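Single-structure report; data block below.
Number of protein chains: 2
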Amino acid sequence: MTQDSLFVPVQTGRAGEDIALQIQAAILEGRIEPGEKLPSERDLQTFYKTGRGVIREAFQVLKHKGLIEIRKGAKGGAYVKHLEVVFASESFALFLRQNRTDPMHLIEFRESIDHMITDLAIARGSSEEKRNLSEKADQLAAAVNDGTAGLKKLVELDRELNILFSKMARNPIFEWIMQAVQIGFSSMDNALYEDAEYRAYAVENWQETAMWILAADPVRTKSCIGYHYRILRQKVKEIRSASGTNIFADGSADG
Amino acid sequence: MTQDSLFVPVQTGRAGEDIALQIQAAILEGRIEPGEKLPSERDLQTFYKTGRGVIREAFQVLKHKGLIEIRKGAKGGAYVKHLEVVFASESFALFLRQNRTDPMHLIEFRESIDHMITDLAIARGSSEEKRNLSEKADQLAAAVNDGTAGLKKLVELDRELNILFSKMARNPIFEWIMQAVQIGFSSMDNALYEDAEYRAYAVENWQETAMWILAADPVRTKSCIGYHYRILRQKVKEIRSASGTNIFADGSADG
DNA sequence: GCATCCTAAATGGACCTACCATTGTACAAT
DNA sequence: ATTGTACAATGGTAGGTCCATTTAGGATGC
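Going down the list, the sequences are from chains A and B.
Counting in numbering that gives the first Met the number 0, the first sequence runs from 0 upward without gaps.
Counting in numbering that gives the first Met the number 0, the second sequence runs from 0 upward without gaps.
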């Protein structure tokens, strides 16, 4: 793996590729600012002396990279976007899924990340954020105890808690990782939240964790987190041995 | 951020989107194995009762996600690929660039990862791997002292050391993360290795680190690593204030 | 004068046909 | 057996047509 020209060994399929790269370069170099509009497909078609299909293919690629947003109608067209972290996370999540990553590896990794974030979040998170975290944990608990909220809603709240937590570290890379892991393994989270025992336990643990973060006590926070992952490992083991099914088999990145 | 239908807020531009997602789902769920060939564009066109352009747009997106490879000619078509980590890294690097991510964030993240890996590597790495690591560190030192090896070669050796190190953790996620971060980092690594002082220091530190790993002493290993990152931060600060240029500005994701 | 409705233009979305370029295979010629 | 050639399959590109959506501006009615 010498990687001479470095980077993505994407087979250059010619024109569309070139155009996509040119536009991408223009965006990354700031020659086109977020919010600005690219020329219309037809204009670019004549500009590049090519077919409209080529331009469209290039646009689709850029759209999926999260670099542009395409609007229909008059005043429509391709608008340069601010790249959001989810887009960066999505491809990593894809990678994790396709490689059938062992849940235990993932748990180990996630636990490490959580521990790292803990220190940073306590040190750098604003008190408002810490209160928010605590409130959201209470919301989750309420939602679970009500029994009215659907599974999706619960998992969503759990996800938001994690994102909030990772944001407090004030380092976008941790956000990236956290989101990638969550996207890639939402099916696992779903499976776990189906278990009433886990559900009850998880929300309680979230509340306690949030409390210790609010109290700026990293040791106790980590203790909570560590306990959480012990339970999690156990549950995953149960699920796996019970069903024998691959919990990563159901769709999640495909809806 | 409610996101009911969950995930990547990609504006669903209709047909092409759907088809791309369907195929992606099929790939991720293993209904189509890597190496297998998708139907030809024309076949899919009739199957989905759609235009060929739609199929092509879907294919282009999948190609850029690294999920398929497209070959021309007879026996050509879309072949399912094994997703490589570079693809995940690419969008990550894109994100880092467009958001002008502070190199200090990357350093912070990398240091955290290194510390986590240290414990795992010492606990799980075989003695052979530990010896290999030490030998490779010596090789790097020799290469630097000879002065014969080019910059590229040195960075490459450094990279290999990191990979070797991360492999010892026996958790592929750490490997992938390490690779992704290295790719995102490559321009910085290059810049740093241009500095003779840093170069000399870095290789010495690698040797020492490898030694403590071989001695199974996590505390001293982490001490080495911590010191390494202190130097690294300082150098980055120097480079940044001296040149004023953004070290992520030079081409790397765009060609 | 204001609100409403209608129309026109711009634009992306989709479909179709045609042709070219590339590549592998089968078959003929040597 | 080797070589060369023709052919077929397939992606790559070009250009056109029509539709759906959206905005803006003008016409209409109150």
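Just so you know, even glycine gets a beta-carbon here, dropped at the ideal spot from N, CA and C.
As the structure is a computational prediction, the values presented were derived from the model and not from experiment.
Euclidean distance between Cα positions of residue i and residue j
i                     : j                     : result
residue 15 (chain A)  : residue 45 (chain A)  : 14 Å
residue 77 (chain B)  : residue 138 (chain A) : 47 Å
residue 130 (chain A) : residue 154 (chain B) : 45 Å
residue 2 (chain B)   : residue 163 (chain A) : Residue placement at residue 2 (chain B) cannot be trusted, given a pLDDT of 33 that sits under 50; the coordinates are not used to answer.
residue 28 (chain B)  : residue 202 (chain B) : 44 Å
residue 56 (chain B)  : residue 56 (chain A)  : 5 Å
residue 115 (chain B) : residue 204 (chain B) : 18 Å
residue 226 (chain B) : residue 220 (chain B) : 10 Å
residue 177 (chain A) : residue 217 (chain B) : 26 Å
residue 83 (chain A)  : residue 65 (chain A)  : 7 Å
residue 90 (chain B)  : residue 41 (chain B)  : 30 Å
residue 140 (chain A) : residue 152 (chain B) : 55 Å
residue 102 (chain B) : residue 117 (chain A) : 21 Å
residue 18 (chain B)  : residue 50 (chain B)  : 12 Å
residue 169 (chain A) : residue 175 (chain A) : 12 Å
residue 112 (chain A) : residue 173 (chain A) : 8 Å
residue 184 (chain B) : residue 67 (chain A)  : 25 Å
residue 32 (chain A)  : residue 79 (chain A)  : 7 Å
residue 160 (chain B) : residue 53 (chain A)  : 42 Å
residue 187 (chain A) : residue 228 (chain A) : 14 Å
residue 13 (chain B)  : residue 224 (chain A) : 42 Å
residue 181 (chain B) : residue 197 (chain A) : 37 Å
residue 210 (chain B) : residue 120 (chain B) : 13 Å
residue 36 (chain B)  : residue 85 (chain B)  : 22 Å
Contacts of residue i in chain B (Cβ-Cβ under 9 Å)
i                     : result
residue 104 (chain A) : 169, 170, 171, 172, 173
residue 204 (chain A) : Result: empty, since nearest Cβ-Cβ is about 22 Å, beyond 9 Å.
Residue-level contact to chain A via CB, residue i, 8 Å cutoff
i                     : result
residue 13 (chain B)  : no
residue 82 (chain B)  : yes
residue 43 (chain B)  : no
residue 142 (chain B) : no
residue 179 (chain B) : yes
Buried/exposed call for residue i, threshold 16 Cβ in 10 Å
i                     : result
residue 144 (chain B) : exposed
residue 165 (chain A) : buried
residue 21 (chain B)  : exposed
residue 233 (chain B) : exposed
residue 157 (chain A) : buried
residue 236 (chain A) : exposed
residue 251 (chain A) : Caution applies to residue 251 (chain A), whose pLDDT of 40 falls short of 50 and renders its modelled position unreliable; the model cannot decide the point.
residue 71 (chain B)  : exposed
residue 238 (chain B) : buried
residue 135 (chain B) : buried
residue 81 (chain A)  : exposed
residue 127 (chain A) : exposed
residue 96 (chain B)  : buried
residue 248 (chain A) : For residue 248 (chain A), the pLDDT reaches just 41, beneath the cut-off of 50, and the residue's location in the model is therefore unreliable, although a value from the coordinates is still provided. Label assigned to residue 248 (chain A): exposed.
Identity of the residue in the options nearest residue i by Cα
i                     : options                    : result
residue 149 (chain A) : A:192, A:173, A:128, A:100 : A:192
residue 179 (chain B) : B:216, B:109, B:97         : B:109
residue 105 (chain B) : A:206, A:38, A:171         : A:171
residue 58 (chain B)  : B:49, B:48, B:69           : B:69
residue 199 (chain B) : B:211, B:230, B:173, B:210 : B:230
residue 74 (chain A)  : A:169, A:34, A:210, A:62   : A:34
residue 212 (chain B) : B:167, B:99, B:98, B:67    : B:167
residue 146 (chain B) : B:195, B:127, B:187        : B:195
residue 98 (chain B)  : A:240, A:124, A:87, A:208  : A:87
residue 123 (chain A) : A:223, A:85, A:215, A:133  : A:215
residue 241 (chain B) : B:224, B:223, B:190        : B:190
residue 93 (chain B)  : A:95, A:63, A:107          : A:63
residue 133 (chain A) : A:206, A:48, A:107         : A:206
residue 23 (chain A)  : A:222, A:60, A:107, A:100  : A:60
Chain-ordered neighbours of residue i on chain A, where CB pairs are closer than 7 Å
i                     : result
residue 111 (chain B) : 115
Proximal residues of chain B, C-beta to C-beta of residue i below 8 Å
i                    : result
residue 90 (chain A) : 64, 65, 86, 87, 89, 90, 91
residue 55 (chain A) : 52, 56
Partners in chain B for residue i, counting only beta-carbon separations shorter than 7 Å
i                     : result
residue 60 (chain A)  : 59, 60, 63
residue 96 (chain A)  : 27
residue 107 (chain A) : 170
Contacts that residue i makes with chain A (C-beta to C-beta distance below 9 Å)
i                     : result
residue 196 (chain B) : Residues of chain A passing the Cβ test: none, with the nearest at roughly 25 Å.
Contact with chain B by residue i, beta-carbon distance below 8 Å
i                     : result
residue 246 (chain A) : Its pLDDT being 45, under 50, residue 246 (chain A) is placed unreliably by the model, and the measurement read from it follows with that caveat. So, not an interface residue.
residue 100 (chain A) : yes
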